[in-house]
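First comes the structure, then the notes that go with it.
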């Protein structure tokens, strides 16, 4: 009895600490969320931190399709579509490339494979700023400057590093005998990938997709550098919006816009988070 | 007809010679077992035959066709792996037909081959299951089915029974032997288990340190091991080997153990032609444990070949089927297999019957058998 009591006190202490720190961590989000339903006069008149006196959803509709950002009064919606048009294809392409790279690096040993792997992974550690000028040149050469296609191209290539790392490490757990059996059965590189390796991959593909989607959605530097005006992704639009705050404080609408911009990654986390943890620890073959 | 010819095959990994000039000529319909301790190169040799690894030197011919530069899939072979290597996301049916699908075999032929194989191996009721839903023995059968369905020139087995429990291993061993008798296929089978080698093989290649020590039928391997390694590796428990001196007695060769000591023992030997050169010299005498039994035993009804001796007993290990007995022969410890109801007292001398008709003599320097 005594033992259970101490145990439960420990539990209480642990939960209290965890809740305390998550409150601190979530406070900025809570403030933004609360402000998104407050009237701007109410915010200016009292404080940026406070509970709404009445629930106003008008901020949300204004933020979505009528608020002026950079002189375009169509709200944040067009920029969210831009971001989706960049993020979805780039996520799919970089994940497929990563799976293919990881497969060949893990299961088809060739001379210098570890060196190639090290080069690919180095992409993760190079600062983005360093690559701005090379990318600018490449995009200009390809005629992709200031297009969503250009950003898809950049993120597909850049995202490959992480995707390759994830998939290669996952595929290392596939027993080499499986490949030998497939060789004898007469399957080649792509048939083995398609019929044997890919069906084993959902756990790691989910992880990679979540990772790529989140980082490409949240990416800002390339977005703001290589696109302008109506072509910008939502992260870049948020910056324009933030810089307006000094001139025209519309805290409620701006907060709603921020929440809208964060919504896709939040949804991915809420629905995909558990697969993420499971996939990172799952083995390829039971 | 020669089904598989291995000529001067060698394999180097960096500075290590994994295989040194291997030569094996395997006839059609033979069941050849490559046996040896881990690291002897047997699995590497099998991979080279399969085309999964390249030899550093030498030639391989399958059914008279040089296959050095032919990829695994075109060698007309099938392989069963130790881990079974079943494709985990495919059903049993898809596992078995995958090779045929890769080779573009017509649908109707696929179905017929699948039906025949499934019936032969009694796995027809498992066709729609995934490998993870099968027991170890069932997986083993599916793995064999995947090989059988191809009707290849050559079957390669890489330690196929090592992952099964003891009882199932014995069952599957018999099953494989039955299949071989029925299909008359040519099989190369790798194992480290010398019982599997003895029971399955029509010929055994004993390998050690990248070399074939002996390539012969199981009886020859057992009764006339080429050298001390084969003598000690094949047989469980292994052959007893003790140093002795060779001399000529009135009725033929005699091995003297512990000359000059109070326990000096003189054992009459069968005639061995090459032994003349060793008269008066040291040799190594090899006696199988089953040739050492309780006093009074007549081996195969022939009393004339029995030599009765008195030896001190060190320890006994009753197994139920027999009493394993550790004896002192001079300074050396040897093992005998006594009848189960005979339980000599450790620490005392007891009478033993020795059957020396199959005794082997080895050169102590070269370790090769004196013929």
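Protein chains in written order, with full-length UniProt numbering: chain A, 1 to 286; chain B, 1 to 371. In this text, a Cβ means the ideal position worked out from N, Cα and C, and glycines have one as well.
Skipping 5 residues on each side, what residues in its chain have a beta carbon closer than 6 Å to that of residue i?
i, result
"residue 266 (chain B)", "254 and 256"
"residue 40 (chain B)", "207 and 208"
"residue 106 (chain A)", "168, 171 and 172"
"residue 189 (chain B)", "33 and 157"
"residue 155 (chain A)", "90 and 216"
"residue 1 (chain A)", "The predicted position of residue 1 (chain A) is uncertain, since its pLDDT is 48 and thus under 50; no value can be drawn from it."
"residue 72 (chain B)", "50, 51 and 52"
Within 8 Å of any Cβ in chain B, is that where the Cβ of residue i sits?
i, result
"residue 72 (chain A)", "no"
"residue 186 (chain A)", "yes"
"residue 206 (chain A)", "no"
"residue 175 (chain A)", "yes"
"residue 34 (chain A)", "no"
"residue 107 (chain A)", "no"
"residue 183 (chain A)", "yes"
"residue 267 (chain A)", "no"
"residue 203 (chain A)", "no"
"residue 200 (chain A)", "yes"
"residue 111 (chain A)", "no"
"residue 178 (chain A)", "yes"
"residue 196 (chain A)", "yes"
Examine chain A for any beta-carbon lying closer than 8 Å to the beta-carbon of residue i, and answer yes or no.
i, result
"residue 87 (chain B)", "yes"
"residue 43 (chain B)", "no"
"residue 52 (chain B)", "yes"
"residue 118 (chain B)", "no"
"residue 40 (chain B)", "no"
"residue 12 (chain B)", "no"
"residue 138 (chain B)", "no"
"residue 77 (chain B)", "yes"
"residue 72 (chain B)", "yes"
"residue 135 (chain B)", "no"
"residue 141 (chain B)", "no"
"residue 360 (chain B)", "no"
"residue 99 (chain B)", "yes"
"residue 298 (chain B)", "no"
So the alpha helix (DSSP H) residue i belongs to, where does it begin and stop?
i, result
"residue 376 (chain B)", "Limits of chain B in this structure are 1 at one end and 371 at the other, which puts residue 376 (chain B) out of reach."
"residue 251 (chain A)", "251 to 281"
"residue 49 (chain A)", "First-last for residue 49 (chain A): undefined, no H or E at that position."
"residue 145 (chain B)", "136 to 148"
"residue 252 (chain B)", "Where residue 252 (chain B) is concerned, there is no enclosing alpha helix (DSSP H), although the beta strand (DSSP E) it sits in stretches over 252 to 257."
"residue 242 (chain A)", "234 to 244"
"residue 228 (chain B)", "228 to 233"
"residue 162 (chain A)", "148 to 171"
"residue 342 (chain B)", "From DSSP, residue 342 (chain B) is part of no alpha helix (DSSP H); its letter is neither H nor E."
Apart from the five residues on each side of it in sequence, which residues of its chain come closer than 7 Å, Cβ to Cβ, to residue i?
i, result
"residue 182 (chain A)", "192 and 196"
"residue 172 (chain B)", "137, 140, 161 and 164"
"residue 132 (chain A)", "225"
Can you say whether residue i is buried or exposed, counting buried as having 16 or more other CB atoms within 10 angstroms of its CB?
i, result
"residue 13 (chain B)", "exposed"
"residue 16 (chain B)", "exposed"
"residue 369 (chain B)", "buried"
"residue 303 (chain A)", "The structure shown has nothing for residue 303 (chain A), since chain A only spans 1 to 286."
"residue 365 (chain B)", "exposed"
"residue 336 (chain B)", "buried"
"residue 104 (chain A)", "buried"
"residue 121 (chain B)", "buried"
"residue 151 (chain A)", "buried"
"residue 73 (chain A)", "exposed"
"residue 9 (chain B)", "buried"
"residue 79 (chain B)", "buried"
"residue 15 (chain A)", "exposed"
Quick check on the DSSP output: the beta strand (DSSP E) that includes residue i runs from which residue to which?
i, result
"residue 355 (chain B)", "349 to 355"
"residue 374 (chain B)", "Chain B is shown only over 1 to 371; residue 374 (chain B) falls outside these bounds and no answer can be derived."
"residue 8 (chain B)", "2 to 13"
"residue 240 (chain B)", "240 to 249"
"residue 221 (chain A)", "It is not in any beta strand (DSSP E) - residue 221 (chain A) instead sits in the alpha helix (DSSP H) that spans 221 to 226."
"residue 361 (chain B)", "360 to 362"
"residue 268 (chain B)", "265 to 268"
"residue 76 (chain A)", "That residue, residue 76 (chain A), is in no beta strand (DSSP E); it is neither H nor E in DSSP."
Quick one: residues in its chain with C-beta nearer than 8 Å to the C-beta of residue i, no 5 flanking neighbours on either side, listed in chain order?
i, result
"residue 244 (chain B)", "255, 256, 257, 267, 282, 283, 284 and 285"
"residue 115 (chain B)", "124"
Distance cutoff 8 Å, beta carbons only. Does residue i sit that close to anything in chain E?
i, result
"residue 191 (chain A)", "Chain labels in this structure do not include chain E; the protein chains are A and B."
| field | Residue ranges of each alpha helix (DSSP H) within the segment 278 to 306 of chain B, 4 or longer | value | none
| query | Where in the segment 148 to 187 of chain B do unbroken runs of the beta strand (DSSP E), each at least 3 residues long, occur, reported from the N-terminal end onward? | reply | 154 to 158
| task | Output the residue ranges of the alpha helix (DSSP H) runs that lie fully inside the segment 79 to 138 of chain A and measure 4 residues or longer, sorted by chain position. | result | 113 to 125
| query | In chain order, which continuous runs of the alpha helix (DSSP H) of length 4 or greater are located wholly inside the segment 34 to 119 of chain B? | reply | 42 to 50 and 92 to 103
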